[in-house]
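Below is one structure, written out as structure tokens; comments come after it.
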Amino acid sequence: MFSMTRRTVLQSAAAAAAFGLAGKLEFIRPAFAQTPVEPTVGFYKYKVGDIEVTAVYDGIWRKPHDPAFIKDVSVDDTKAALAKAGLPTEFMPIPLTVVVLKMGGRLIMMDAGSGVGQWQANATHLPANMAAAGIDYKAIDTIMISHFHPDHVWGLMEKGTNTPVFPNAELIVNATEYNWWTDPSRLAKLPEGRKPAGKRIAENFPKWKNWKLVEDGAEVAPGIQIIAAPGHTPGHSVYLANSGGEQLMISADTMYVPALLAAHPEWQGAYDQDGPTAIATRHKIIDRVIADNIRISGSHFPFPGTGVFVKDGSAYAFTPVQI
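Just so we're aligned: 337 in the numbering used here is position 205 of the sequence shown, and the numbers increase by one with no gaps anywhere.
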């Protein structure tokens, strides 16, 4: 939950100290009360061992409230969860942050963002913020893909032409995810609202020769392991980076709206293709992060997309880094 007990506050403080987080953690009630919906800066850098991590802000989806967003949960209940977290209740805030790792002379990007003008009107900032952070798109060596939802992969293609944006970068993805989305027979089984995205993926991704399909547990770069985290999509995956005795779990959409799902990890999101599996994965990944004192980042966490989880009864407490 976000109305944290003294014990969870102390646990979060201890975890933050263990991680050496450079940003300030606001242990307040509610936990997000000082977290702006739109950040005042476009990038944020921190270290994980010898890895320089840059969190780059892409934008935000100010999603209208929808009774189908969380299965069997009313809009009033989701608004109450937002209010308890100190967030606005007039819409569902879903920010998007991309992570870039600088390690061993390489630039490794986690997902490619939503693509300018291809997802939401307020998600157009990635190119400018990458430039401000000193990151050249052409210098990206590797892109680790978590899953094939538009907000994570439309940045791989130009709007209109579908021309690859990163033709020379290695594109790493769980083989299950790639095979599921590029199978034309899947299109008929997709909900109507997802068919255009499925069609675009199936028609374009197989043309590219720079894909590297990997299995669960593979080392995709020195010190980085892919971990299957299914449920959100069939091959949704997270990536665990290790350096100098420190770890970062890049958790993608495992817990995509922490204001809701930390306090209610049993809630099933409309964008989870397999709700029960997504719930089991959520517990597995977050429990591991807590047990092993692993720093975590998430694509839709409040910017800069990193913070601290602790157990709070049968649920979790999350405190985001404040910058």
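The beta carbon of each residue, even a glycine, is placed where N, CA and C say it ideally should be.
Quick caveat: nothing in here was measured; it's all calculated off a predicted structure.
Residue range 343-346 is occupied by the beta strand (DSSP E) that includes TRP343. By the neighbour-count criterion, in which a residue is buried when 16 or more other Cβ atoms sit within 10 angstroms of its Cβ, GLY191 is buried. Excluding residues up to 5 positions away in sequence, VAL180, GLY181 lie with their Cβ nearer than 6 Å to the Cβ of GLU378 in the same chain. Taking ASN254 as the centre and dropping the five residues before and after it, the same chain places the C-beta of GLY191, ILE192 closer than 6 Å to its C-beta, in chain order. Residue pairing from DSSP leaves PHE435 without any beta-bridge partner. Residue state for GLY249 is assigned as coil, using DSSP reduced to three classes. For PRO366 against GLU324, the beta-carbon gap comes to about 19 Å, at or over 8 Å, which does not count as contact.
Selection GLY218, GLU302, TYR176, ASN311 evaluated against MET276 yields GLU302 as nearest (Cα-Cα). For the set VAL232, ARG326, ALA213, the Cα lying nearest the Cα of MET224 is the one of ALA213. Looking only at LYS216, GLY437, THR186, PRO171, the smallest Cα-Cα distance to ALA391 is reached by LYS216. Judged by beta-carbon spacing, ALA373 lies beyond the 8 Å limit of ILE202, meaning their Cβ atoms are not closer than that value. Positions of the beta strand (DSSP E) runs, each at least 3 residues long and wholly inside the stretch 196-244, are given as 224-235, 238-242 in order along the chain.
DSSP places THR409 in the helix class (H, G or I) of the three-state scheme.
It is roughly 17 Å from the alpha-carbon of LEU239 to the alpha-carbon of MET381.
Taking ARG420 as the centre and dropping the five residues before and after it, the same chain places the C-beta of MET381, ILE426 closer than 8 Å to its C-beta, in chain order.
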